[in-house]
Amino acid sequence: MSTDGVTVAGGGSAQAALEHDPAASAVARTATAGPEGPQSRAARKRAAGHRTWRRALRRDWQLYTLLILPLVFFVVFRYVPMLGNVIAFRRFRPGGSIFGEEWVGLHYVRMFINDPTFWQVFQNTLVLGVLGLVIVFPLPIILALMLNELRSRRFKRLVQTISYLPHFMSVVIVAGLVFQLTAMRGTINQAITAFGGDAISFMQLAEWFRTIYVGSEIWQTVGWGTILYLAALSTVDPQLYEAARIDGANRWRQTWHVTLPGIRPTMVVLLILNIGSFLAVGFEKILLLYNPLLYPTADVIATYLYRVGIGSSQFSYATAIGLFEAIIGLTLVLSANAISRRVVGASLW
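Going by full-length UniProt numbering, the first residue of the sequence shown is number 1, and it counts up by one from there.
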């Protein structure tokens with residue numbers, strides 16, 4: 001009998017060979033058992049998976065014990081609080097049950113669908129999120145590429161240090177700097193009046209808020225965002241640049257055909273993460289910067305939730321809006337991850 005390269009003679013010698021060779025015995029059992037159904041194969045795979053997990057846990061149990069504290073943290077502070085989302089469908093009264101007093105179904109969902117203020121803040125959130133993705137997201141890549149081209153290591157470190165510093169400042173300090181720069185007698189208005197223009201009350205005109213917010217985001221986050229891209233650039237194989245130079249490619253061609261493909265997985269992962277936080281624009285900074293005069297362009301979902309939930313004590317309504325925002329964010333992440341996996345071949349999972 002010949003089975004997949006294992007040849008066994010007949011009679012008693014075959015039986016002896018099967019007893020002394022486990023592999024041949026397994027092949028022989030497979031050959032004599034006949035065709036297997038899908039259920040038996042699935043059962044075998046499950047059993048093999050369980051054996052593999054048990055073997056891995058038994059072998060590396062010291063490493064797996066390191067997961068206990070992080071898992072407890074995520075369960076206690078990330079997953080248990082999700083149970084509170086049930087009050088989006090129940091009427092919550094302060095002092096009563098933390099899970100609400102009575103079922104109201106989709107009452108609060110219909111409430112924010114019919115709320116014109118919600119759609120205004122939703123539009124403002126979308127605009128600021130798109131501006132962040134279109135303007136703020138590419139700038140760290142450009143800065144990292146420029147720093148990578150510098151030959152002076154001292155100047156490169158100086159630029160990196162200066163660009164990193166704003167990230168370590170408190171949001172309160174950043175908001176204070178913005179107020180100082182945009183005040184009627186601030187630095188920007190002094191420059192405008194020095195060239196013969198009229199001073200602009202930036203923090204009282206709604207049309208200026210998006211420019212101010214995006215500008216402050218660029219100043220505070222772009223330098224810090226270059227760290228991951230510089231780390232990714234250091235992993236690009238120098239032999240690829242050498243081959244490109246031999247083929248006659250200039251610096252721009254090398255950047256386009258070697259550098260950018262080399263950091264593409266990092267770019268894709270960070271883009272997906274940014275899309276996931278698309279609707280969670282900077283709550284603290286906007287809360288510190290805005291005022292009722294800027295609501296038409298500055299009020300976003302997070303600040304509206306703060307006013308509705310904490311200011312007006314409408315906890316169930318605020319939870320329904322927050323749940324809606326979370327579902328949209330989850331949908332965006334899943335969609336971006338699937339599109340990236342199909343188009344680029346890189347994804348988070």
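Even for Gly, the Cβ is constructed at its ideal location relative to N, Cα and C.
{"Query": "Distance cut-off 6 Å: LEU260 Cβ against heavy atoms of the ligand SAM", "Result": "Within the structure as shown, the ligand SAM is missing, as the structure has no ligands at all."}
{"Query": "According to DSSP, residues forming a beta bridge with ARG102", "Result": "It is Glu, not Arg, that sits at residue 102 in the sequence shown. Partner(s): ARG91."}
{"Query": "The stretch 104-111 contacting the stretch 261-269, beta-carbon criterion three pairs below 8 Å", "Result": "no"}
{"Query": "Beta-carbon proximity list for THR193, same chain, < 7 Å, skipping 5 on both sides", "Result": "ALA199"}
{"Query": "Complete alpha helix (DSSP H) runs within the stretch 220-261 (minimum length 4 residues, chain order)", "Result": "238-246, 251-254"}
{"Query": "Pairwise C-alpha distance: VAL333 and ILE173", "Result": "32 Å"}
{"Query": "Neighbour-count burial assignment, GLN180, 16 or more Cβ in a 10 Å radius", "Result": "exposed"}
{"Query": "Check whether TYR92 and SER316 have beta carbons under 7 Å apart", "Result": "The amino acid occupying residue 92 in the given sequence is Phe; Tyr does not appear at that position. Contact: yes."}
{"Query": "C-beta atoms of GLY276 and GLY329 nearer than 7 Å", "Result": "yes"}
{"Query": "Given 8 Å, three or more beta-carbon pairs between the stretch 306-316 and the stretch 227-239", "Result": "no"}
{"Query": "Backbone secondary structure at ARG151 - three-state DSSP", "Result": "coil"}
{"Query": "Helix, strand or coil at ALA191 according to DSSP, with G and I counted as helix", "Result": "helix"}
{"Query": "Beta-carbon proximity of GLN220 to TYR241, cut-off 7 Å", "Result": "no"}
{"Query": "Contact check, ALA144 vs LEU271, beta carbons under 7 Å", "Result": "no"}
{"Query": "Test item: CB-CB of THR125 and ILE301 under 7 Å", "Result": "yes"}
{"Query": "Validate contact between the stretch 273-289 and the stretch 156-174 using beta carbons, cut 8 Å, 3 pairs", "Result": "yes"}
{"Query": "Distance between ASN337 and GLY345 (C-alpha atoms, nearest Å)", "Result": "10 Å"}
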